[in-house]
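Residue numbers (UniProt numbering): 1 to 337.
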């Protein structure tokens with residue numbers, strides 16, 4: 001028996017081990033092989049949240065007044081100022097479009113604004129780094145909640161007296177049951193699709209308990225979608241004029257929405273590792289030269305614009321670092337053996 005158990009244990013050890021990963025729903029794992037925003041003009045890519053990989057936060061503001069003046073303010077003051085301006089104009093834009101002579105007012109008879117977008121403004125302009133403030137969560141969270149809330153409410157509206165129950169002058173179980181079911185189901189859908197956005201819970205709830213929105217019926221969906229796109233468009237502008245950037249990601253978390261190294265072909269991965277090694281070596285040599293120049297002002301080290309050092313000092317240092325890296329890798333491999 002003992003011999004059999006040992007054989008079974010050995011067989012289990014030889015089985016391929018798979019890392020557990022949670023289920024990814026609705027293209028949560030969507031990745032691209034490169035970030036195409038880097039091909040756009042800087043004046044355009046900036047407002048998509050893209051920054052060159054060699055820039056670190058806080059990022060430089062737009063290079064002309066009055067935005068250059070922001071660099072003279074403490075970052076918290078800049079955040080407060082742009083958050084106030086962003087929220088004020090963001091809400092104003094939605095109200096203006098919904099209240100002027102457009103289909104939303106004249107055909108849909110939509111309210112001046114869906115109140116849940118006030119809560120979204122806190123996220124989109126105040127805490128723009130929050131994962132739930134990113135475009136996917138914001139737009140899809142609101143839209144899916146409006147869809148779920150409207151669909152469930154249409155079932156309750158089959159009772160012709162439902163609109164009268166919304167006046168809340170008497171006890172009617174269908175109204176508060178619908179509110180709870182609509183909001184909870186909206187939350188469930190957002191969690192399944194990875195689009196959780198807290199204010200969107202109110203969007204699903206409004207579809208069940210607000211008389212004007214219940215009357216909107218399916219026209220609630222384009223109203224919510226248009227409001228989302230208006231606020232998102234303004235957030236892309238105001239949140240990128242200063243030293244922060246928005247969004248941090250469009251679809252999936254990460255510095256850029258590119259395939260991570262472990263998912264790329266081996267040949268491409270090897271080329272990337274070699275390129276990264278060159279960058280690391282260049283950075284080490286540059287830092288060493290900077291420290292040497294600070295300690296001895298008479299000693300200057302020249303550098304070409306593309307980052308390559310001139311003279312034999314760089315070549316010798318580069319070769320030395322290569323040898324050190326190879327030695328450390330070899331020692332690690334021997335230790336593993």
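Even for Gly, the Cβ is constructed at its ideal location relative to N, Cα and C.
Length of the line joining the Cα atoms of residue 191 and residue 64: Computed Cα separation, rounded: 42 angstroms.
Classification of residue 134 by the beta-carbon crowding that lies within 10 angstroms, buried from 16 upward: The residue in question, residue 134, is buried, as its Cβ has 16 or more Cβ neighbours within 10 Å.
Beta-carbon spacing of residue 110, residue 117 below 8 angstroms: Contact flag unset, no.
For residue 106, the three-state DSSP class (helix, strand or coil): When secondary structure is reduced to three states using DSSP, residue 106 falls in the helix class.
Local Cβ density within 10 Å of residue 152, reported as buried at 16 or more and exposed below that: Buried.
Sufficient close CB pairs (3 or more, under 8 angstroms) joining the segment 219-235 to the segment 39-46: Inter-segment contact for the segment 219-235 and the segment 39-46 is absent: fewer than three beta-carbon pairs are separated by less than 8 angstroms.
Range of the contiguous alpha helix (DSSP H) that encloses residue 246: No residue range can be given for residue 246, since it is assigned to no alpha helix (DSSP H) and is classified by DSSP as neither H nor E.
Cα-Cα separation, residue 128 to residue 160: Cα-Cα distance, rounded: 43 angstroms.
Check whether residue 186 and residue 149 have beta carbons under 8 angstroms apart: In this structure, residue 149 lies closer than 8 angstroms to residue 186 by Cβ.
Delimiting residues of the alpha helix (DSSP H) encompassing residue 212: Here the alpha helix (DSSP H) through residue 212 covers 211-216.
Candidates 171, 93, 183, of which the one nearest residue 196 by Cα: For residue 196, the closest C-alpha among the options 171, 93, 183 is that of 183.
Spatial neighbours of residue 232 in its chain, beta-carbon cut-off 8 angstroms, leaving aside the 5 residues before and after: Correct list, in chain order: 124, 135, 138, 139.
Segment contact flag, the segment 84-97 with the segment 203-217, C-beta cutoff 8 angstroms, min 3 pairs: Contact fails between the segment 84-97 and the segment 203-217, because fewer than three Cβ pairs, one in each stretch, are under 8 angstroms apart.
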